[in-house]
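Engineer: Sharing a structure here in structure tokens format.
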Amino acid sequence: MRALRWHGPRDLRLEDVEDPGAPGPGEVRVAVEWCGICGTDVEEYTDGPLVIPTKPHPLTGLTPPMIIGHEVSGRVETVGSGVDLELGGLVALDGYLYCGTCRACRRHQVNLCERWAHIGMSYPGGLAERMVVPAAMAIPAASGIAGDHLALAEPCSVAVRALRRAELQPGERVAVIGAGTIGLAVLQVARTGGAGEIVVVDPIASRREVAGSLGADAVVDRLDRLAAEPGDFDIVVDCSGASSVPNAAMELTRPGGRILLVGFPPHPGTLDYKTLLLKELSLIASVGHVYDEDFATAVRLLCSGRIDAAPLISHRIPLERAVSEGIERLAGPGRAQALKILVRPGD
Ligand SMILES: [Zn+2]
Ligand SMILES: [Zn+2]
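Count the sequence shown with the numbering used here and you get residues 199 to 545, in order.
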């Protein structure tokens with residue numbers, strides 16, 4: 199089958215690789231319909247290996263070359279013994295592999311497994327025609343949703359977990375910093391979760407427009423424009439990962455409020471502990487998602503239309519153009535005109 203494999207930084211190759219074969223007990227084989235390109239894929243391309251292992255992964259034993267891609271929707275082709283999934287049914291893949299026995303796994307925090315692996319990083323991913331994965335990872339669509347929309351389940355599940363961790367209450371005022379795919383998903387999950395008012399901050403005009411069309415009560419281009427009314431927000435969500443944002447967020451958050459860290463920070467920063475303490479703020483981090491709590495919820499929100507995936511998708515391209523028109527675009531200035539780029543690995 200055809201697959202896009204990471205060999206090293208700036209070295210992604212479209213190759214003919216061995217078919218994943220028949221699923222074993224508890225596994226499912228999925229024909230990939232759509233796979234989204236994530237910022238993580240772009241970072242592995244420009245600066246990797248970051249999460250891609252350099253020595254045999256402790257759970258999967260795998261090393262590069264690695265098939266990338268982790269935002270997958272596809273059709274069930276065949277199932278191994280003990281698997282109850284409808285053949286031909288549309289599924290989204292949660293993506294985490296975990297050991298099931300470590301301290302985190304015993305607490306059902308499988309996203310924090312001491313040996314966690316992930317499709318597209320330490321296990322063959324979705325920029326390929328087919329995958330064999332643990333069946334618990336495959337969450338069936340609950341409606342006639344289109345496969346391209348369902349491919350947004352992974353980023354949406356990040357938003358679901360984040361707002362679950364922040365314990366969003368009905369009526370609360372929320373600021374969302376960064377209106378990429380995750381920020382726009384946080385906006386929609388916060389709305390469906392009963393937020394009273396949501397303000398979105400992003401320097402890119404087209405993203406602010408999408409945020410407005412998805413129900414943001416206000417959009418601004420810069421954080422300091424929000425700072426005119428400091429201390430107003432119950433929750434400030436950082437989807438940007440910029441190391442300057444947490445301190446700026448402390449100004450915006452009401453005393454006793456929460457700062458929710460979702461964006462991946464490429465560089466360490468310095469925290470303003472004094473403000474954190476004097477305002478008795480909670481600093482909450484959220485990473486990834488758990489298949490039954492967060493991912494299944496994201497699939498239901500998408501299938502019921504409470505999250506609208508359509509405005510989050512900017513491009514749909516075939517596998518042979520995934521690097522030139524997908525990853526290269528997101529690594530360069532073309533990024534400003536792109537949201538989620540979806541790749542179709544099959545015909
Ligand atoms: Zn991702
Ligand atoms: Zn574990």
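Backbone N, C-alpha and C fix where the C-beta goes; we use that ideal spot for every residue, glycine too.
Is any heavy atom in ligand 2 found nearer than 7 angstroms to the beta carbon of Gly486?
Structural biologist: Gly486: no, Cβ never under 7 angstroms from ligand 2.
Engineer: Does DSSP put Met264 in a helix, a strand or coil?
Structural biologist: Met264: strand per DSSP, three-state reduction.
Engineer: Val398 lies in the beta strand (DSSP E); which residues open and close that run?
Structural biologist: Start and end: 395–399.
Engineer: Taking Cβ positions, are Arg273 and Gly286 nearer each other than 8 angstroms?
Structural biologist: Yes. Within cutoff.
Engineer: What are the residues that DSSP puts in a beta bridge with Arg328?
Structural biologist: Answer is Ala229, bridged to Arg328.
Engineer: For Pro263, which residues from the same chain have a beta carbon less than 7 angstroms from its beta carbon, with the 5 sequence-adjacent residues on both sides left out?
Structural biologist: Same-chain partners within the cutoff: Arg203, Trp204, His205.
Engineer: In terms of DSSP beta bridges, what is Ala315 paired with?
Structural biologist: Beta-bridge pairing links Ala315 to Leu295.
Engineer: Pick helix, strand or coil for Asp430, following the three-state DSSP scheme.
Structural biologist: Reduced to three states, the DSSP call for Asp430 is coil.
Engineer: If you reduce the DSSP assignment to three classes, tell me which class Thr276 lands in.
Structural biologist: Of the three classes helix, strand and coil, the one that applies to Thr276 here is strand, per DSSP.
Engineer: With a CB to CB cut of under 7 angstroms and the five nearest residues on each side skipped, what residues in its chain are close to Phe431?
Structural biologist: Arg371, Val372, Ala373, Leu450, Thr451, Arg452, Gly455, listed in sequence order.
Engineer: Can you give the Cα-Cα distance for Ile539 and Tyr243, rounded to whole angstroms?
Structural biologist: Distance between the alpha carbons of Ile539 and Tyr243 is about 16 angstroms.
Engineer: Compare the C-alpha of Ile525 against each of Glu312, Thr238, Met329, Ala302 and name the closest.
Structural biologist: Considering only alpha carbons, the answer is Thr238.
Engineer: Given Phe462, which residues of its chain have a CB within under 6 angstroms of its CB, disregarding the five upstream and five downstream residues?
Structural biologist: Here the set comprises Gly439.
Engineer: Let's test the definition: count the other Cβ atoms within 10 Å of the Cβ of Val405 and tell me whether it reaches 16, buried, or not, exposed.
Structural biologist: One point to set straight first is that residue 405 is Arg, not Val, in the sequence displayed. Arg405 comes out buried.
Engineer: Among the candidates Ala393, Ala388, Glu275, Val408, whose CA atom is the shortest distance from the CA of Ala377?
Structural biologist: Nearest option by C-alpha distance: Val408.
Engineer: For Arg533, does the three-state DSSP call read helix, strand or coil?
Structural biologist: Arg533 falls in the helix class under three-state DSSP.
Engineer: Using only the alpha-carbon positions, how far apart do Leu288 and Ala339 sit?
Structural biologist: Going from the Cα of Leu288 to the Cα of Ala339 covers about 6 angstroms.
Engineer: Would the stretch 418–425 count as touching the stretch 494–504 if we require 3 or more Cβ pairs under 8 angstroms?
Structural biologist: The answer is no - the stretch 494–504 does not touch the stretch 418–425, with fewer than three Cβ pairs under 8 angstroms.
Engineer: Roughly how many angstroms lie between the CA atoms of Val398 and Pro223, to the nearest whole one?
Structural biologist: Straight-line Cα distance between these residues: approximately 46 angstroms.
Engineer: Under 7 angstroms from any heavy atom of ligand 1, does the C-beta of Pro466 make it?
Structural biologist: No, the beta carbon of Pro466 sits no closer than 7 angstroms to any heavy atom of ligand 1.
Engineer: Exposed or buried, which one is Tyr471 when buried takes at least 16 other CB atoms within 10 Å?
Structural biologist: Under this definition Tyr471 is an exposed residue.
Engineer: Measure the C-alpha to C-alpha separation of Leu476 and Pro444 and round it to an integer number of angstroms.
Structural biologist: About 15 angstroms.
Engineer: Below 7 angstroms, is the gap between the Cβ of Ala555 and the nearest heavy atom of ligand 2?
Structural biologist: The structure shown does not extend to residue 555, since the chain is modelled only from 199 through 545, so no value can be given for it.
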